[in-house]
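This report refers to the structure that appears directly beneath it.
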Amino acid sequence: MTLNGRLAQLKQDLGGRLARSALARAIPGPVRRRQFLLLLAQQFTSLVGTYAISFASLAKVVDATGSGMDTAFTILSVVVPGLLFGLLGGVTVDRLSRRNMLIGTNVVRGLIALGAPLYLNMVPPAYLVVGILVINFLLSSVGQFNFPAEAALIPYLVTGEELLAANSIFNISYLSAIALGSAVWGPLGVRLMGPDGTYISGGVLLLASLIPLSLLTKDIPSHERAVRRSRYARLRHVASVLADIREGILFAVHSAPVSVAILALISQTALALVMAAVFPVVLSKHFGIPVYNLPLYLAPAAAGAGIGLLVLLSRLGRRVARARFVMLGNLAICLGLLGFSVSVVVRTWGLWGFLGASPFLGAGFVMAYISGKSVLQEVPPDYLRGRVISLQLTLNNVMSLVPTILAGWTLDQTGPEAVFIIATLLFAALAGICVLWLRRARPA
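Right, here's the structure in full:
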């Protein structure tokens with residue numbers, strides 16, 4: 258080969274390497290890891306199925322009774338298992354293989370969803386709502402051992418430098434799956450196949466998540482302990498479980514960023530459940546809009562969520578501390594709630610007022626939720642991560658019980674005005690507490 262030919266070949270090779278290097282820099286590190294993508298695929302598939310099933314249950318209850326209280330109890334049937342089993346799920350996740358935990362829980366949930374139509378058709382019409390509550394309770398109970406396992410598995414699949422990007426991608430996928438399941442798959446399924454067909458499709462998705470899980474490398478349990486059959490050993494095991502729970506709680510209390518993130522996520526979850534209980538009834542009874550058309554009127558909130566996501570992925574999102582984004586998201590949520598309150602009080606605003614305020618709510622939820630979850634996945638050490646995440650999920654359920662019940666009761670007794678005004682004031686107060694807490698303790 259001539260000198261010019263060699264130079265041309267060298268130039269071509271160098272250009273190819275530079276191009277591949279630029280492409281590698283453009284694609285986030287976790288996305289280039291097959292194991293992380295497998296976890297992401299199972300998370301997305303199982304969540305779409307889970308929230309499609311939840312929408313089918315909600316639609317079935319609204320069509321059957323149209324009661325705000327019944328809708329609230331439907332939401333709570335998903336919440337109560339977290340109160341009962343949430344902390345136990347975290348301890349279990351920190352002791353056993355998280356991959357095996359995901360496989361087992363998705364199999365059980367998939368079978369429950371597939372059997373739900375048969376069970377509900379056998380239930381007398383007068384007890385249909387009770388039957389739906391039982392299905393929701395069982396699915397959510399098993400889920401308490403699933404959700405912490407997903408989040409706690411991420412650091413095992415990526416490097417420390419990639420953890421921030423991995424958490425962001427994971428939470429974006431989480432919210433996208435919720436949106437697809439509850440705003441697209443669920444409503445379309447109910448409209449085209451009915452609630453029973455939607456239950457079945459959700460169960461199929463849960464079982465389909467086993468495909469990527471079967472290819473996932475088994476993780477080594479971080480806190481596994483032998484359990485003997487003797488009574489003394491069982492008592493020691495119970496004591497160690499309680500000690501594990503206490504250790505997770507103490508870590509959360511003494512870490513300011515974790516405490517602020519948990520408080521913010523608690524208030525966001527309570528608000529989301531209140532809105533989930535109130536919105537279908539308000540649109541159906543006050544505006545005459547069928548439940549399966551609900552996603553069309555939440556499109557502005559989805560647009561706002563997209564804006565919030567772009568902010569998090571921008572240069573500003575990489576420079577600003579996560580805890581500050583939690584505060585910014587809370588502020589946007591307060592503005593959205595204020596718009597909702599004005600819309601129900603000033604009747605001339607009506608539905609247009611809801612549509613105008615929804616983008617603030619969507620953007621605020623995305624910024625506050627993703628940032629808060631990132632704090633919980635990055636700050637705790639690996640051996641505590643499952644327990645801290647389960648603590649947050651358990652507190653979510655505890656603090657959501659009373660607001661959801663009161664929202665349903667208030668909606669039936671006085672109408673939506675009081676619900677939205679009270680929600681605005683309470684969320685603003687909790688957001689203010691988060692700001693004061695963050696100022697008194699330097700964020701990490």
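Under my numbering, the letters of the sequence shown match residues 258 to 701, in that order. Even glycine gets a Cβ: it sits at the ideal position worked out from N, Cα and C.
Can you list, in chain order, the residues of its chain whose CB lies under 7 Å from that of residue i, leaving out five sequence neighbours each side?
i, result
"S598", "F677, I678 and T681"
"A279", "Unreliable positioning characterises A279 in this predicted model, as indicated by a pLDDT of 41, which lies under 50. A coordinate reading is not provided."
"V655", "L340"
"R486", "Unreliable positioning characterises R486 in this predicted model, as indicated by a pLDDT of 42, which lies under 50. A coordinate reading is not provided."
"A436", "A559"
"P469", "L295, A298 and Q299"
"L530", "I332, V336, S657 and T661"
"V568", "G574 and M624"
"L555", "A440 and S615"
"V318", "D327, T328, T331, V386 and I389"
"A406", "V350, R355, M358 and L359"
"L395", "I369"
"G401", "Note that residue 401 is Gln in the sequence shown here, rather than Gly. Around Q401: P338, G339, F342, G343 and G346."
"F293", "P287, L414, V415 and A423"
Going along the chain, which residues of its own chain have a beta-carbon closer than 6 Å to the beta-carbon of residue i, five neighbours each way excluded?
i, result
"A675", "T667"
"R488", "In this prediction, R488 has a pLDDT of 44, which is less than 50 and means its spatial position is unreliable; what the coordinates show is noted afterwards. Here the set comprises nothing."
"L462", "T302, V305 and G306"
"G325", "V538, G665, L668 and D669"
"L663", "none"
"A686", "none"
"Y376", "none"
"P547", "none"
"P637", "V645"
"V535", "A664, L668 and V676"
Using a Cβ-Cβ cutoff of less than 8 Å, which residues in the same chain neighbour residue i once the five nearest sequence positions on both sides are dropped?
i, result
"G323", "V538, S541 and K542"
"V380", "V387 and G388"
"V603", "G610"
"S397", "S334, V335, V336, V337, P338 and G339"
"K475", "S354, R356 and N357"
"V365", "V399"
"A290", "Reading off the sequence shown, one finds Arg at residue 290, where the question assumed Ala. Within the same chain, R290 has close Cβ partners L414, V415 and E419."
"H480", "The pLDDT assigned to H480 is 48, lower than 50, so where the model puts this residue is not dependable, and the model offers no usable value."
"G626", "A small fix is needed here, since residue 626 is Tyr in this sequence, not Gly. Result list for Y626: N428, L432, L522, Q525 and G586, in chain order."
Does the Cβ-Cβ distance between residue i and residue j come in under 9 Å?
i, j, result
"F427", "A408", "yes"
"G438", "L588", "no"
"I457", "A370", "yes"
"Y640", "D327", "no"
"P557", "P616", "yes"
"T661", "A329", "yes"
"S524", "L359", "no"
"S516", "V583", "no"
"V692", "A509", "no"
"L464", "L295", "no"
"V415", "P287", "yes"
"L562", "G619", "The amino acid at residue 562 is misidentified as Leu; the sequence shows Ala. Going by C-beta atoms, A562 is nearer than 9 Å to G619."
"G460", "L368", "yes"
"T331", "N378", "no"
"V614", "G593", "It should be pointed out that residue 614 corresponds to Ala in this sequence rather than to Val. Against a cut-off of 9 Å, the Cβ pair of G593 and A614 comes out as a contact."
"F684", "L528", "yes"
"A518", "A422", "no"
"G372", "S647", "no"
"Y308", "G443", "yes"
"I411", "L520", "no"
"G643", "G347", "yes"
"I429", "L522", "no"
"A513", "L695", "yes"
"I564", "A688", "no"
"G505", "P374", "no"
Relative to the ligand ZN, is the shortest distance from any of its heavy atoms to the C-beta of residue i smaller than 8 Å?
i, result
"A533", "This structure simply doesn't include the ligand ZN, nor any ligand for that matter."
Original post:
Any chance the segment 561-574 sits against the segment 643-657, with 3 or more Cβ pairs inside 8 Å?
Top reply: no
**OP:** Ignoring anything shorter than 4 residues or poking outside the segment 391-424, list the alpha helix (DSSP H) runs there in chain order.
**Re:** 404-414
**OP:** Let me know the alpha helix (DSSP H) ranges lying completely inside the segment 602-644, each 4 residues or longer, listed in chain order.
**Re:** 607-635
**OP:** Just list the beta strand (DSSP E) runs in the segment 313-340, keeping only unbroken ones of 3 residues or longer that don't cross its boundaries, in chain order.
**Re:** none
**OP:** Kindly provide the ranges of any alpha helix (DSSP H) runs that are 4 or more residues long and lie completely inside the segment 516-575, ordered along the chain.
**Re:** 551-554 and 556-570
**OP:** Mind listing, in chain order, the continuous alpha helix (DSSP H) runs of no fewer than 4 residues lying wholly within the segment 340-385?
**Re:** 355-379
Original post:
Is the number of C-beta pairs between the segment 499-507 and the segment 623-632 that are closer than 8 Å three or more?
Top reply: no
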